[in-house]
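Counting in the UniProt record's numbering, the sequence shown runs from 1 upward without gaps.
Note that CB positions come from ideal geometry on N, CA and C, so glycine has one too.
Worksheet for the structure shown next.
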Amino acid sequence: MFWAIASTLGAAIMATTMIFVRMRASKKPASVKKIILPPFFMSTGALMFVFEPFRVEWIQVLEAFAVGVFFSLFLIKTSTFEVRDQDIYLKPSKAFVFILFGLLILRIILKLIIGQTVSLGETSGMFFLLAFGMILTWRIAMLVKYIRLQRKLDARVGGKWNATN
């Protein structure tokens with residue numbers, strides 16, 4: 001019971017932190033690096049699967065990842081870019097806050113349901129995979145949108161797209 005409460009509070013703190021990070025990020029120009037680095041940083045969490053309690057069956061990997069991909073659709077839909085002073089910025093979305101907290105509530109409900117039949121370690125592993133599937137898909141979609149907008153901007157200005165942006 002303690003771990004369920006502690007992990008729920010941790011998730012709420014992370015969601016709140018994400019809102020502030022996203023608000024700050026919208027004040028600075030976006031870049032390829034800023035879009036692709038978060039999934040790489042998060043991927044280090046996969047080291048949890050080195051330890052037996054966190055390992056899950058392949059079908060659970062596919063299920064959790066697929067649910068994450070599905071949830072990413074909401075983030076993809078609300079993530080748009082805008083051009084300001086020849087720079088590309090992530091446009092803040094009012095829906096982002098509601099989506100993030102909606103996903104948090106859904107996560108808590110799923111955790112309560114799954115936690116009855118799956119061990120704490122496996123549940124942790126599955127939620128990591130869900131979150132990774134969501135972040136990875138969302139960031140790939142953001143990268144595609146960013147590159148398309150960058151090419152349009154370069155075509156207007158006559159410059160070339162720089163992959164180091």
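DSSP-derived helix/strand/coil call for residue i
i: VAL157; result: helix
i: THR117; result: coil
i: GLU57; result: coil
i: THR164; result: Confidence in THR164 is poor, its pLDDT being 47 and thus under 50, which makes the residue's placement too unreliable to answer from.
i: PHE51; result: coil
i: LYS145; result: helix
i: GLY125; result: helix
Range covered by the alpha helix (DSSP H) that runs through residue i
i: LYS27; result: Here LYS27 belongs to no alpha helix (DSSP H), and DSSP marks it neither H nor E.
Identified DSSP bridge partners for residue i
i: PHE81; result: LEU90
C-beta contact flag for residue i and residue j at 7 Å
i: MET126; j: ALA64; result: yes
i: GLY68; j: MET142; result: no
i: GLY115; j: PRO53; result: no
i: PHE96; j: THR78; result: yes
i: SER72; j: THR137; result: yes
i: PHE74; j: ILE99; result: yes
i: VAL61; j: LEU129; result: yes
i: ILE35; j: ARG139; result: yes
i: residue 172; j: TYR146; result: Only positions 1 to 165 of the chain appear in the structure, and residue 172 is not among them; the question remains open.
The stretch 42-54 contacting the stretch 82-92, beta-carbon criterion three pairs below 8 Å: no
Given 8 Å, three or more beta-carbon pairs between the stretch 24-43 and the stretch 86-99: yes
Determine, using beta-carbon pairs with one atom in the stretch 102-118 and one in the stretch 33-45, whether at least three such pairs fall under 8 Å. no
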